[in-house]
Amino acid sequence: MKDPNSNPGEDYREWHWREITAKFFKVIFNWLQGLSEITPDYIPLLENDSYLDPANQVVLKYPLAIVNVKKISGSSSVLNNTLYDYAKRDAPFLRRQVRDILQPNIVVCGGGNGSVLDIAKQYIYPDLTFKPINNWCFFSEEQDLLLINSWHPAARISDVQKIDDMMRNVADFINKTQTSIFR
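Residues in the sequence shown are numbered consecutively from 143, following my numbering.
Structure (structure tokens):
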């Protein structure tokens, strides 16, 4: 994500996930469950209402990390040039946090009209080559790593667009690459 919104000094790890009802997190939890359950033969879609656990149970089943590029709490938006300034300044820390500690094989780059994706490629994974598979999915064969260029969870569009469009594009990625990430 870009930056924490109006919660200085808070740590997501201390939040009581069972009590979270904000739409922002419901979208993230739907992404998490969908990406955890998608297969070459099954696309979990919100529009079918076929796969959703209660959102507060998803984080108990699947691993999740939320990393903000800008570590200092802001407001409801941040300018892209400000975001890039923080990314450049904190690049070694972001690389350590994401690459060394978390070591994900899927990174959802949420928001910023591609700026979070660009920051991931430029500052966190500058040594890797990412092949664009579609408008959402960028894949590094060297690391078996998928970057997903996503809407921000709070984007003012329908949840079906934010969730089902991601799942359809990830399914397209699976079919085109036959990667083992989703098996």
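We treat Cβ as the ideally placed atom computed from N, Cα and C, and that holds for glycine.
Beta-carbon contacts of Ile170 that lie in its chain and below 6 Å, excluding the five residues immediately before and after
Answer for Ile170: Pro295, listed in chain order.
Stretch pair the stretch 299-315 + the stretch 181-191: three plus CB contacts closer than 8 Å:
Yes, since at least three Cβ pairs between the stretch 299-315 and the stretch 181-191 fall closer than 8 Å, the two stretches touch.
Alpha helix (DSSP H) runs contained entirely in the stretch 170-244, provided each spans 4 or more residues:
Runs found: 197-203, 222-231, 233-237.
Per the DSSP calculation, Ser282 is bridged to which residue(s)?
Per DSSP, the beta-bridge partners of Ser282 are Leu287.
Name the DSSP beta bridge partners of Lys273, please?
Its beta-bridge partners are Phe281.
Endpoints, beta strand (DSSP E) assigned at Ile248
Per DSSP, Ile248 belongs to the beta strand (DSSP E) from 248-252.
Between the Cα of Ile290 and those of Glu284, Pro274, Glu283, spot the shortest distance and give me the residue it belongs to.
Among Glu284, Pro274, Glu283, the Cα nearest to that of Ile290 is on Pro274.
Might you give, ordered along the chain, the residues of its own chain that have their beta carbon closer than 7 Å to the beta carbon of Gln285, omitting 5 neighbours on each side?
Answer for Gln285: Leu270, listed in chain order.
Are the beta-carbon atoms belonging to Val302 and Leu174 less than 8 Å from one another?
Contact check for Val302 against Leu174 fails: the beta carbons are separated by 8 Å or more.
For a quick check, are the C-beta atoms of Lys213 and Leu225 less than 8 Å apart?
The answer is no: Cβ separation not under 8 Å.
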